[in-house]
Amino acid sequence: MMAIDPVCGMSVDPASAKHRAEHAGQEYLFCSAGCRTKFLADPERYLDPAKAKAAAEAVPEGTVFTCPMHPEVRQVGPGSCPICGMALEPAMVTAEAGPNHELIDFTRRFRIGLVLTLPVFVLEMGGHLFGLFHGIGQQRMNWIGLVLATPVVFWAGWPFLERGARSLVSRHFNMFTLIAIGTLAAWIYSVAATLAPGLFPAAMQGEHGGVPTFFEAAAVITVLVLLGQILELRARDATSGAIRALLDLSPKTARLIGEDGAEHDVPLAEIGVGARLRVRPGEAVPVDGTVIEGRSSVDESMVTGESAPVLKEEGAAVVGGTTNGTGGLVIRAERVGADTVLARIVQMVSDAQRSRAPVQRLADQVSGWFVPAVIAVALAAFAIWFAVGPEPRLPHALVAAVSVLIIACPCALGLATPMSITVGVGRGARSGILIRDAEALERMEAVDTLLIDKTGTLTEGRPSVTAIAAQPGLGEDEILRLAAAVERASEHPLADAMVRAAAERGTSLPSVADFTAVSGKGVAGLVEGRRVAVGNALYFADQGIEAAPLAEAAEAIRMTGATAVLVALDGQPAGVIGIADPIRPSARAALDALRADGIAIVMVTGDNRTTAEAVARQLGIDVIEAEVLPEDKAAVVQRYRSRKRVVAMAGDGINDAPALAAADIGIAMGTGTDVAIASSGITLASGDLARLPEARALSRATMRNIRQNLGFAFAYNAAGVPIAAGLLYPWLGILLSPMVAALAMALSSVSVIGNALRLRRMPLR
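Structure below.
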């Protein structure tokens with residue numbers, strides 16, 4: 001039994017392997033008619049044509065639609081943009097492609113319009129080119145054209161006429177303004193020639209009687225514009241492929257382990273925080289969680305862009321949408337629904353695709369005066385041809401005016417930037433490069449200076465205790481125990497290293513009272529009745545604690561590249577704890593690639609200069625801003641910007657957020673804090689610095705693609721309008737047909753989108 005494609009209405013054979021696919025346990029059907037629309041293989045919904053039609057027309061209540069060219073336009077339900085007239089599309093892409101109502105409607109109008117247009121076209125072209133159908137007579141051919149072309153113009157082309165009229169009322173002139181004026185002008189002239197041929201001079205009478213008309217032009221233009229819109233809508237659907245690929249990662253169900261140990265599959269929407277879930281080998285992880293049982297390697301490539309599977313065992317965090325390997329896992333749900341990493345990535349990518357790049361301002365400014373200018377050119381062409389053109393002057397003048405109106409439609413100009421941005425942002429998401437908005441993507445190309453944080457950015461962010469130097473009379477374990485007790489209340493990565501080191505030694509930590517913290521300096525608290533202070537030399541100076549007795553031991557630790565943390569008990573120096581954070585394996589290669597690309601690298605850290613220099617030597621960094629307090633990092637960014645540098649700041653912590661926001665573009669590590677990610681224009685999902693040169697390559701490729709599109713759109717109109725107006729006629733005898741103009745206009749928009757889609761296959765390495 002055949003299924004029905006809900007978009008085009010074509011039949012699909014469910015038994016054919018060509019039409020079937022399976023992903024994440026869900027079975028899908030694909031139409032072979034070129035739609036490539038994916039829909040769930042649900043017999044109850046799609047094997048019945050009536051139910052297929054109902055499914056195609058259903059839109060979830062409250063769905064918000066927006067315009068790809070004007071994202072500020074938002075409304076509940078489908079419709080057309082009041083500014084440019086383009087079909088609105090859902091603001092948020094869903095996993096199931098679903099019906100494209102505009103595509104369904106235009107496909108139906110195109111098919112019926114084509115059937116009615118072909119006889120008119122054959123009669124007219126056969127008579128002009130091959131001398132056929134002379135026995136019918138011009139007047140009879142005119143009546144046949146009137147009967148067949150009128151429903152094409154006013155039914156098949158009604159959406160264009162409606163949008164054109166709306167643009168005139170709102171004074172937001174757009175491509176539909178030109179299409180409506182052009183087709184109506186040709187149709188009105190033809191109706192007058194058919195109904196009242198006596199109004200026209202004898203010179204316009206054909207040799208077979210009657211006045212030649214342009215019914216075939218009005219009908220063919222309408223059908224070609226419909227075809228162009230269909231091709232454009234299909235191409236626009238393809239630009240959402242990156243988001244759908246991400247959404248497809250998440251399974252529709254999860255295997256819930258009940259309180260009694262019984263297991264059963266439940267819809268993902270029913271999973272709450274704290275639920276225990278089993279992830280079997282080969283299955284997708286349903287939600288963000290923590291492994292509480294089992295051991296397996298997990299493929300996180302579609303979320304982070306990192307190809308190597310990551311080992312997960314008890315206590316490890318897992319991300320929803322990643323794929324489990326050969327081992328079994330039991331996880332505890334930590335984030336569900338819109339709070340998962342995958343959901344936030346999808347939202348970020350979707351928002352970025354709807355944003356506008358500064359380069360688009362040029363296209364917006366041009367579009368503001370373009371349509372009125374085209375109408376003026378069309379009127380001028382009509383007047384010149386009517387005044388000095390060859391006989392019959394009126395038809396020649398009308399051909400020139402309509403051709404100018406049709407070929408100059410600014411759709412390609414309007415689509416040039418948003419299509420490239422949409423595809424470029426999606427391409428980045430596939431590689432774990434998350435772009436917050438189009439402006440960030442554009443600015444990344446111009447960056448010439450990178451300020452980069454050390455801990456958690458250049459390093460792995462998992463520091464460990466490497467040395468403990470205690471003052472005479474104190475033991476290393478005691479120093480670590482008291483320091484870790486205070487640091488347990490801190491969020492700093494170095495604090496976590498001390499707590500983990502104490503746990504590894506089997507030390508139980510006492511409670512802390514009267515806890516205080518000074519960002520970037522240190523912490524203090526009462527532990528077992530003793531005042532414990534942990535921090536750097538600046539913190540000790542603020543607290544009136546003498547740090548000199550610890551200076552030699554601290555400097556020895558720093559020379560190894562470790563951070564020296566000072567510890568005091570009851571106001572007296574007690575010891576030094578050395579904490580080292582391994583440098584990321586990809587850091588050196590990534591920085592070398594950026595340096596080769598002309599970017600100056602500056603390391604900004606709150607660490608002591610000796611420690612910072614030890615790390616910088618390993619990474620080939622020559623410029624260091626050391627001992628910088630969190631509140632001063634933003635000032636460092638401003639200092640470099642004041643030197644007319646285009647500054648990118650890369651960091652991962654809460655203390656980096658002000659600097660990330662102050663830079664021309666902030667780059668956050670996806671492994672960092674939420675506030676750092678929120679302050680950034682670009683997020684590297686895996687935290688892998690190898691993605692930095694790739695982000696630069698992505699920015700360059702996208703901006704190059706935008707310039708190509710804008711150049712093509714400007715050149716097309718600059719060349720097309722004069723030719724359509726008849727500029728070449730005096731020398732070459734070329735006068736462009738309105739039908740050829742309509743085909744060229746449709747192909748220009750499709751060409752722009754096709755060029756943008758090339759970014760999907762662009763290598764970033």
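Residue numbers for the sequence shown follow UniProt numbering, beginning at 1 and rising by one. Cβ atoms here follow ideal geometry from the backbone N, Cα and C, with glycine treated the same way. A quick note: this is a predicted structure, and the numbers were derived from the prediction, not measured.
query = With respect to the beta strand (DSSP E) encompassing Thr253, which residues constitute its N-terminal and C-terminal limits?
reply = Bounds of the beta strand (DSSP E) holding Thr253 are Thr253 to Ile257.
ask   = In terms of residues, what are the limits of the beta strand (DSSP E) holding His264?
value = For His264, the enclosing beta strand (DSSP E) stretches over residues Glu263 to Pro267.
Boundaries of the beta strand (DSSP E) in which Gln572 is found, first to last residue = Note, Gln572: beta strand (DSSP E), Gln572 to Ala580.
task = Name the residue from Arg280, Arg234, Pro281 and Val273 whose alpha carbon lies nearest to the alpha carbon of Val287.
result = Of Arg280, Arg234, Pro281 and Val273, the smallest CA-CA separation from Val287 is found for Val273.
inquiry  = With a threshold of 8 Å, are at least 3 pairs of Cβ atoms found where one atom belongs to the stretch 593-611 and the other to the stretch 494-503?
reply    = No: the two stretches stay apart, fewer than three of their Cβ pairs being nearer than 8 Å.
request  = Inspect the beta-carbon positions of Val602 and Val623 and report whether they are closer than 7 Å.
outcome  = For Val602 and Val623, yes; Cβs fall inside 7 Å.
message = Nearest by alpha-carbon distance to Asp664: which of Val527, Ala690, Ser490 and Val636 is it?
response = Just measuring C-alpha positions, the residue of Val527, Ala690, Ser490 and Val636 sitting nearest Asp664 is Val636.
task = Drop a sphere of 10 angstroms on the beta-carbon of Thr117, count the other beta-carbons inside from all chains shown, and report buried for 16 or more, exposed for fewer.
result = Thr117 is buried by the Cβ-count criterion.
ask   = In terms of residue numbering, what span does the beta strand (DSSP E) encompassing Ile557 cover?
value = For Ile557, no beta strand (DSSP E) encloses it; the enclosing alpha helix (DSSP H) starts and ends at Ala551 to Arg558.
ask   = In this structure, does DSSP put Ser751 in helix, strand or coil?
value = Correct three-state label for Ser751: helix.
message = Taking 7 Å as the threshold (C-beta atoms), are Ser420 and Asn705 in contact?
response = Against a cut-off of 7 Å, the Cβ pair of Ser420 and Asn705 comes out as a contact.
request  = Use the C-beta contact count for Ile723: other C-beta atoms within 10 angstroms, 16 or more gives buried, fewer gives exposed.
outcome  = Classification for Ile723: buried.
query = Can you give the Cα-Cα distance for Leu757 and Val646, rounded to whole angstroms?
reply = Leu757 and Val646 have their C-alpha atoms spaced approximately 29 Å apart.
message = Starting from Ala626, trace the alpha helix (DSSP H) in both directions and tell me its first and last residue.
response = Run containing Ala626: none; DSSP gives neither H nor E here.
message = So if DSSP puts Asp453 in a beta bridge, which residue, or which two residues, is it bridged to?
response = Per DSSP, Val604.
key: Length of the line joining the Cα atoms of Val404 and Val191   = Their backbone Cα atoms lie some 21 Å apart in a straight line.
query = Exposed or buried, what is Val122 when buried is set at 16 or more other beta-carbons lying within 10 Å of its beta-carbon?
reply = Exposed, since its Cβ has fewer than 16 Cβ neighbours within 10 Å.
inquiry  = Less than 7 Å between CB atoms is the rule here; does Val447 satisfy it with respect to chain D?
reply    = Absent from the structure is chain D; it holds one protein chain and no more.
query = Any idea what DSSP makes of Glu613, helix, strand or coil?
reply = The three-state secondary structure of Glu613, taken from DSSP, is helix.
ask   = What first and last residue would you give for the alpha helix (DSSP H) that runs through Phe540?
value = Phe540 -> alpha helix (DSSP H) spans Ala537 to Gln543.
query = Quick one, are the C-beta atoms of Leu698 and Gly428 less than 7 Å apart?
reply = Yes, the pair counts as a contact, with Cβ atoms nearer than the cut-off.
request  = List the residues that DSSP assigns as beta-bridge partners of Pro90.
outcome  = Answer is Phe65.
message = If you measure between the beta carbons of Ala695 and Ile452, is that distance less than 7 Å?
response = Against a cut-off of 7 Å, the Cβ pair of Ile452 and Ala695 comes out as no contact.
request  = Grab me the residues of Val153's own chain with a C-beta within less than 7 Å of its C-beta, minus the 5 sequence neighbours each way, in chain order.
outcome  = Once the five neighbours on either side are set aside, the close Cβ partners of Val153 are Thr183, Trp187, Ala218, Ala219 and Thr222.
message = Using 7 Å as the threshold, is the C-beta distance between Leu146 and Thr194 below it?
response = Cβ distance < 7 Å, so Leu146 and Thr194 count as in contact.
task = Go through its chain and collect everything with a Cβ distance to Gly164's Cβ below 6 Å, but skip five positions before and after it.
result = Sequence-distant Cβ neighbours of Gly164 in its own chain, meaning closer than 6 Å and more than five residues away, are Phe176, Thr177 and Ala180.
ask   = Whose C-alpha, out of Pro159, Glu555 and Val225, is nearest the C-alpha of Ile579?
value = For Ile579, the closest C-alpha among the options Pro159, Glu555 and Val225 is that of Glu555.
key: Unbroken stretches of the alpha helix (DSSP H), 4 residues or longer, contained in the stretch 660-704   = Runs found: 674-678.
inquiry  = For Ala541, tell me which candidate among Leu88, Gly571 and Phe515 has the shortest Cα-Cα distance.
reply    = Checked all of Leu88, Gly571 and Phe515; the closest Cα to Ala541 is Gly571.
query = Thr194 lies in the alpha helix (DSSP H); which residues open and close that run?
reply = For Thr194, the uninterrupted alpha helix (DSSP H) segment begins and ends at Met175 to Leu195.
message = Just to confirm my understanding: we take Arg344, look at its own chain, exclude 5 residues before and 5 after, and list those with CB closer than 8 Å. What are they?
response = Taking C-beta separations shorter than 8 Å and ignoring five residues to either side along the sequence, the partners of Arg344 in its chain run Ala338, following chain order.
inquiry  = What would DSSP say about Lys633, mapped onto helix, strand or coil?
reply    = Three-state DSSP puts Lys633 in a helix.
inquiry  = Quick check on the DSSP output: the beta strand (DSSP E) that includes Met649 runs from which residue to which?
reply    = Start and end: Val647 to Gly651.
Simplified DSSP assignment, three categories, for Leu277 = Correct three-state label for Leu277: strand.
Residue range of the unbroken beta strand (DSSP E) whose run includes Phe154 = Per DSSP, Phe154 belongs to no beta strand (DSSP E) and is neither H nor E.
query = With distances taken between CB atoms, is the gap from Thr66 to Ala87 smaller than 7 Å?
reply = Cβ distance not < 7 Å, so Thr66 and Ala87 don't count as in contact.
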